[in-house]
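In UniProt numbering, the protein residues as written are 1 to 331. Note that beta-carbon positions come from the ideal geometry of N, C-alpha and C, so glycine has one too.
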């Protein structure tokens, strides 16, 4: 007897904790408007003051605006239903957006780092008062933008990418404000360059984190908080299960784990009931709402002889390991 099924849960605690796409779009759009207005003014002041720190902040804010616009586009595209060849829909566009945000942070960090090192040898004259005043306004603006985006669903790697851009810019303005104070009090112009290098370090850290997280999803790796070996053993320990093999766990997009597996059930047991029990357990225990389970009865002679069939995987999870007291295939 064979059965194949999909489990699609619609009401887990995990899903309730997430904000709606419409809510995410409102918060992101509000942050975008605040940033664009300030960005235009900062470019003008940065040129007048001759401040690389302000111009680097402006360049970073330009990528902030682009990252939010990209996130908004990705949310809209990801909302399209699955159709045709796009059997999972467009959800992974959000991961493309996150990876693009990470790469732009790294590329911008390389350019700013080069400019900062070049200016260390011959620092230009910097108007400390303008730098300080603009940086203080920038802190307020970025605090507002950071708060807005933090209200959106940050379990989405797409939203998190935009958030990291804004958060890094907030730290950059704090460093620039400190540099402005140093320039006003001491006249030490290199403080502007040092502030830029601090910003570069923060950008590299955030960029690497986004690229690493998005790459895990593209490489079909299991989510960091889900251990396939542990889940396989726990599935094999469920009532009526003899063995679990061909187990795969991956993410369709951030926060949307998926699982597929071949399940061998004790002879005489109801395959459909066992499959439903496993599907509901995966939702409750691990928030895996998309599970594809192929279910078969184990061969009686397989259990009696205590050996695997040749078709089984080398990394199978069986009940002899999960439930030593039960009849099960032994490896």
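Separation of residue j from residue i, as counted between CA atoms
| i | j | result |
| --- | --- | --- |
| residue 119 | residue 37 | 29 angstroms |
| residue 260 | residue 59 | 44 angstroms |
| residue 163 | residue 290 | 28 angstroms |
| residue 263 | residue 61 | 51 angstroms |
| residue 153 | residue 94 | 13 angstroms |
| residue 268 | residue 97 | 49 angstroms |
| residue 250 | residue 104 | 26 angstroms |
| residue 83 | residue 69 | 25 angstroms |
| residue 254 | residue 227 | 16 angstroms |
| residue 55 | residue 245 | 56 angstroms |
| residue 161 | residue 232 | 32 angstroms |
| residue 72 | residue 27 | 10 angstroms |
| residue 67 | residue 134 | 22 angstroms |
| residue 47 | residue 252 | 45 angstroms |
Proximity winner among the options, relative to residue i (alpha-carbon distances)
| i | options | result |
| --- | --- | --- |
| residue 200 | 214, 252 and 168 | 168 |
| residue 123 | 187, 65 and 233 | 187 |
| residue 147 | 170, 273 and 252 | 170 |
| residue 176 | 150, 217 and 132 | 132 |
| residue 178 | 245, 100, 235 and 129 | 129 |
| residue 117 | 35, 242 and 191 | 191 |
| residue 90 | 225, 79 and 294 | 79 |
Segment limits, beta strand (DSSP E) that includes residue i
| i | result |
| --- | --- |
| residue 296 | 290-297 |
| residue 285 | Unbroken run through residue 285 is the alpha helix (DSSP H), 271-286; no beta strand (DSSP E). |
heavy atom of the ligand MN below 7 angstroms from residue i C-beta
| i | result |
| --- | --- |
| residue 273 | Within the structure as shown, the ligand MN is missing, as the structure has no ligands at all. |
DSSP three-state assignment for residue i, whether helix, strand or coil
| i | result |
| --- | --- |
| residue 125 | coil |
| residue 226 | coil |
| residue 251 | strand |
| residue 239 | coil |
| residue 264 | strand |
| residue 152 | coil |
| residue 97 | helix |
| residue 214 | helix |
Integer Cβ distance of residue i from residue j, believed to fall under 8 angstroms
| i | j | result |
| --- | --- | --- |
| residue 207 | residue 102 | 5 angstroms |
| residue 159 | residue 24 | 6 angstroms |
| residue 144 | residue 34 | 6 angstroms |
Range covered by the alpha helix (DSSP H) that runs through residue i
| i | result |
| --- | --- |
| residue 221 | That residue, residue 221, is in no alpha helix (DSSP H); it is neither H nor E in DSSP. |
| residue 188 | First-last for residue 188: undefined, no H or E at that position. |
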